[in-house]
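Heads up, the sequence shown stops at 210 in the numbering used here, and the numbers go up one at a time, no gaps.
Glycine is no exception: its CB is placed at the ideal position from the N, C-alpha and C atoms.
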Amino acid sequence: MIKIILLFLVLTTSALANWPHENISQAVFSSSIANREPVEIITEADDSLGKIYFFTNIRNRVGDTITHRWIYTPTGTSTDKVKAEISFKVKGARWRVWSSKNIWHTWMGTWRVEVLDQHNQVLLVKTINFKKNTTQKSNKE
Numbered sequence: 070m071i072k073i074i075l076l077f078l079v080l081t082t083s084a085l086a087n088w089p090h091e092n093i094s095q096a097v098f099s100s101s102i103a104n105r106e107p108v109e110i111i112t113e114a115d116d117s118l119g120k121i122y123f124f125t126n127i128r129n130r131v132g133d134t135i136t137h138r139w140i141y142t143p144t145g146t147s148t149d150k151v152k153a154e155i156s157f158k159v160k161g162a163r164w165r166v167w168s169s170k171n172i173w174h175t176w177m178g179t180w181r182v183e184v185l186d187q188h189n190q191v192l193l194v195k196t197i198n199f200k201k202n203t204t205q206k207s208n209k210e
């Protein structure tokens with residue numbers, strides 16, 4: 070019985086160690102959302118995408134308000150610009166939420182999403198670079 074308990078503790082501890090935050094089991098950028106899950110997780114984006122999504126899987130924060138704050142830093146500057154703040158009320162022990170941002174083709178640079186709690190405390194920060202698409206499309210059909 071003790072071996073089973075120890076095995077459970079080891080597995081639980083290692084699973085939680087892979088979470089980006091103790092209350093966030095997943096936080097990713099994606100090209101879309103389907104069936105309340107991220108589709109095509111991305112780590113870089115270019116101006117061919119147009120819209121990106123930020124998905125978070127919140128755990129054990131029932132009753133809290135979680136906010137996605139989208140921040141843009143243009144290439145060649147250090148000036149941050151808050152472009153959007155989207156808030157969600159957490160209504161379950163596991164609550165999946167996402168926000169999206171239409172990104173103009175001229176908004177090259179670093180995009181950052183801060184996940185905030187209801188006290189405006191940063192729980193997690195994720196960053197993605199948005200660059201110009203350098204591949205040329207062929208006119209051949």
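Cβ contact annotation for Ala-153 (same chain, cutoff 8 angstroms, sequence separation greater than five): His-137, Arg-138, Trp-139, Ser-168 and Lys-170, in chain order.
The three-state reading of DSSP puts Gly-178 in strand, counting E and B together. With fewer than 16 other CB atoms across the displayed protein chains lying within 10 angstroms of its CB, Val-108 is exposed. Runs of the alpha helix (DSSP H) lying entirely within the segment 139-202, each at least 4 residues long, are absent. Rounded to the nearest angstrom, the Cβ distance from Ile-135 to Phe-157 is 5 angstroms, consistent with a contact under 8 angstroms. Straight across, the Cα-Cα distance linking Gln-187 with Leu-118 is about 31 angstroms.
In the structure shown, the three-state DSSP call for Thr-112 is coil. Taking all protein chains shown into account, Ile-110 has fewer than 16 neighbouring C-beta atoms within 10 Å of its C-beta and is therefore exposed. In the structure shown, Glu-91 adopts coil according to DSSP, grouped into three states.
Minimum Cα-Cα distance from Asn-129 among the listed residues Glu-183, Arg-163, Leu-192 and Tyr-141 corresponds to Arg-163. Assigned with DSSP and collapsed to three states, Asn-126 falls in strand.
Asn-87 and Ile-93 have their alpha carbons spaced roughly 10 angstroms apart.
DSSP, read as helix, strand or coil, puts Ser-99 in strand.
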